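Chains as they are written, first to last, in our numbering: chain A, 43 to 621; chain B, 109 to 185.
Beta carbons: idealized from backbone N, C-alpha and C, even for Gly.
Source: prediction; values computed, not measured.
First comes the structure, then the notes that go with it.
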Ligand SMILES: Cc1cc2nc3c(=O)[nH]c(=O)nc-3n(C[C@H](O)[C@H](O)[C@H](O)COP(=O)(O)OP(=O)(O)OC[C@H]3O[C@@H](n4cnc5c(N)ncnc54)[C@H](O)[C@@H]3O)c2cc1C
Ligand code: SF4
Ligand code: SF4
C-alpha cells in the first residue's frame, strides 16, 4: 500500500456525487430513488461507512422546523436575523418547508428522535427566538442507518478517491471530475452529466491553539477541496468573509454547551461563574461577546454545569462523552475534570469556512444549483446559512432530485483532454522530486500565518501582509513540495486546497469594508456595520484574467418581511446589569 | 532541502495479542477517515503509521476484538 502507481482509468455516469459524509449519501440516494435507471456514483476520500462530520453520530437536530413548535416562516425570519440580514430567503424557506418530511424519512431509516410523554416531538428552545433543537437518543446510529439505505439502493460507491478538480465542458456545463486514489495515486476520470459537491466545510484553514494539525473542530478530512474545486471550475462563492468560529472546550475540539447542556440549565459563564450572554445559540454576534469576555478581566470563559443537581450534570456528561465526540470523556479523565464538580474551561476554535454553522459557501439557489450549469452543492460547503446536519440531508435530497431532472435533457459535455493532462502533471509534481519541503511543513506554515494574520479582529495591513506571505508559500509549494508515497501525496493535494482557501478568505474579507456578523467579520479599521453600502452578498470568483476577485450581489427581496424592531435582535446578546 | 526523520508519539495503540490482522482483518484500516492506520508487514498487526488523528474513534468502536485504544494526542491532552 501507498506506492505511487499513477495509472489512469475512466468511467461514465449520470450523476456524480463527491463527498459521502452527510449531504452526499442523501443526494445519491434521492437521485437513485427518483430514477432507478440512472447511474449514480458516490465518490469519497475516506470510507462512506465512517466518513464526515457524523462519522460517530450526532447529539441532535439543531434546526428542526416541526409543526406545532414552529413554522417555516418563523424559522426563515430567525435565520435572516441571525445572519444579519444577508440571506436569500428562498433557499432557507425551502429547507424549512422540506425538513419535517426529512425527519420522518430518517425516522423510517431507524433514527429515533426524542418524544415527550404524549408522543410529541420533544423540541427544545436554544435559539434566540424560536424552538428548533430536537435530541436524538440513538444518535450514534445515524451513519449506519444511512449506509444501509445506500447499499439497499445499490449506489455505486468509490471509497478512498480524493477529488482534486472538476471538469467543465466546451458548452460551459459541468462535464465531470478528476480524482486520485489516496493509496495508489491512480487517477480516475469520471465523466458525468451532472455533479453534486458535498465535501463538507473547509476545516483545516486555521490552526488549533494546540498546534496539532488534525485537532480541528471539523472532521479533519474536510480540507476545503470543495471550495477550491468550485473556484477553479468558475463557480461563484458567497460571503467567505463570514468565517466559522465556534465555542469549544479549551484544547479539546468538542462543541461545548448550547444545544445539549442548555436545555438542562447549563450555560456559558465567565470566571466568576456568571452568565454573560442571553442566548447560547452559535452566531457571530454571540461569539463577539464570548471573545470580549475571554479578553476581559472576567475571563476566561467556562461551561458551567456544577450548579446543577449531580444527576443532571452526570447525565449531560454521559451524552457529551459518548455520541458525537466520544474521546471527550478520555480528555476530561486525564485532566481530572468532572462537569458536576468544576466549571470547564472553554475557548474559541480555529477559523474555517462553513455554512452549516455560519454562511461561507459555494453560492447556491433554492435548488442547490451553483452558477455552473449542472453543478450542485449541498451541506456545509453550500451557501445556505446555519444549515447544520438536517440542512445537509434536506438540501442533499433537493440537489439529488433536481440533478435527475437536469440530466433528462442533456448529454455528456465534452471536456478538453489537455485539462486532464495538466491536472496529472500538477498532482504528480511533488512525486518527481528527490527532496524538498514535505506537505506537513507547508501546511503548518500556511495555517500558522492564517492564525497570525486572518483571525479576527481583521486589520487591513495584516491582511495585505498575509497575502504576500501566502504568495511566497505558494511559490515554495509549486517549486519544492515533495511527496514520497501516495498518502503524503493526498496531504500535498490538501495543502493546495488549504492555501487556495486562505487566499479566498483574505480576498473576501478585504473586499467587505465594514464589520458584520459579530466576530466572524470584525474589522477594526472599518468597525461599524454599513447597511447602505454592504447589505448585499459578496461573491468571489475567478475573473476573466484568471485572478481572484469579488463583486457585490443584491439580496433577493425578502419573502418574509423583517420589521425594524426585530432586525437587530441577535445584537442583544449581552446580559445587562440588573437595576 | 534534505529531509530528516523526526519522531512523534502517536495516540492510537493496538494490542497485538488481540489483533487478528494476520487472519485477514483490516477493519480499523478501512474505516479510519484520516487513513492513518496500516497493517505492519513485519508483525502482521495493525498500527498507527501516521500521526494525523482526529481522535474520532471508529477504529476502536468497530474493531471486532477490542484491540484498539484511542488516546488523546500529546499536544492537546
Ligand atoms: C463535532 C461536530 C458536532 C456537530 N454537532 C451537530 C449537532 O449536534 N446537530 C447538528 O444538526 N449538526 C451538528 N454538526 C454539524 C453537522 O454535522 C454538519 O453540518 C453536517 O454533517 C455536514 O454535512 P456535509 O455532508 O456537508 O459534510 P460531512 O458530513 O463532513 O461530509 C463531507 C465528506 O466529504 C468527504 N471529502 C472531503 N474532501 C473530499 C474530496 N476531495 N474528495 C472526496 N471526498 C471528500 C469527507 O471525507 C466527508 O466524508 C456538528 C458538526 C461537527 C463537526
Ligand atoms: S480492527 Fe482490530 S483486529 Fe482488525 S486489524 Fe484492526 S486492530 Fe486488528
Ligand atoms: S481515532 Fe479516528 S482518525 Fe484516529 S486512527 Fe482512529 S479512526 Fe483514525
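Query	Result
Contact list for residue 185 of chain B against chain A, beta-carbon separation under 7 Å	373 and 376
Near ligand 1: residue 418 of chain A beta-carbon under 6 Å from a heavy atom	no
Three CB pairs or more closer than 8 Å across the region 558-577 of chain A and the region 116-129 of chain A	yes
Within chain B, partners of residue 479 of chain A - CB distance below 7 Å	109
Residue range of the unbroken alpha helix (DSSP H) whose run includes residue 185 of chain A	184-194
Exposed unless 16 or more other CB atoms sit within 10 angstroms - verdict on residue 612 of chain A	buried
CB-CB length for residue 390 of chain A against residue 289 of chain A, believed under 8 Å	6 Å
Residues near residue 314 of chain A by beta carbon distance below 8 Å, same chain, minus five either side	340
Of the listed residues A:478, A:551 and A:276, nearest to residue 521 of chain A (C-alpha basis)	A:478
Proximity of residue 410 of chain A and residue 440 of chain A at Cβ, strictly below 7 Å	yes
Under 7 Å (Cβ pairs) to chain B, residues found in the region 256-270 of chain A	256, 257, 261, 262 and 263
Any chain A beta carbon closer than 7 Å to residue 165 of chain B	yes
Residue(s) in a DSSP beta bridge with residue 223 of chain A	A:203
Alpha-carbon to alpha-carbon, residue 66 of chain A and residue 56 of chain A	15 Å
Pairwise C-alpha distance: residue 126 of chain B and residue 158 of chain A	43 Å
Chain-ordered neighbours of residue 92 of chain A on chain B, where CB pairs are closer than 7 Å	139, 141 and 166
Cβ pair residue 119 of chain B, residue 161 of chain B closer than 7 Å	yes
C-alpha gap between residue 445 of chain A and residue 215 of chain A, whole angstroms	13 Å
Burial state of residue 59 of chain A (16 or more Cβ within 10 Å)	buried
Partners in chain A for residue 180 of chain B, counting only beta-carbon separations shorter than 8 Å	294, 369, 372, 373 and 376
Residue 55 of chain A, DSSP secondary structure in three states	strand
Residue burial classification, residue 166 of chain B (beta-carbon count within 10 angstroms, cutoff 16)	buried
Check: residue 422 of chain A C-beta below 6 Å from any heavy atom of ligand 1	yes
Any 3 or more C-beta pairs closer than 8 Å across the region 525-539 of chain A and the region 365-374 of chain A	no
Within 9 Å of chain B by C-beta, residues of the region 92-122 of chain A in sequence order	92, 93, 94, 97 and 98
Contact test: residue 165 of chain B Cβ vs ligand 3 heavy atom, cutoff 6 Å	yes
Beta carbon of residue 581 of chain A nearer than 7 Å to that of residue 280 of chain A	yes
One or two residues paired with residue 50 of chain A in a DSSP bridge	A:229
Buried versus exposed, by CB contacts within 10 Å (16 or more), residue 624 of chain A	In the structure as shown, chain A starts at 43 and stops at 621, and residue 624 of chain A therefore has no counterpart that could be examined.
Neighbourhood of residue 462 of chain A by C-beta, 7 Å cutoff - its chain only, sequence neighbours within 5 removed	220 and 231
Cα-Cα separation between residue 301 of chain A and residue 104 of chain A, rounded to whole angstroms	7 Å
Complete runs of the alpha helix (DSSP H) confined to the region 483-554 of chain A [at least 4 residues]	502-522 and 528-553
Those runs of the alpha helix (DSSP H) which lie wholly inside the region 555-589 of chain A and span at least 4 residues	573-576
Nearest-angstrom Cβ-Cβ length linking residue 664 of chain A and residue 86 of chain A, presumed shorter than 8 Å	As displayed, chain A neither begins before 43 nor continues past 621, which places residue 664 of chain A out of reach and without an answer.
Test: residue 493 of chain A CB closer than 7 Å to a CB of chain B	no
Alpha-carbon to alpha-carbon, residue 539 of chain A and residue 472 of chain A	15 Å
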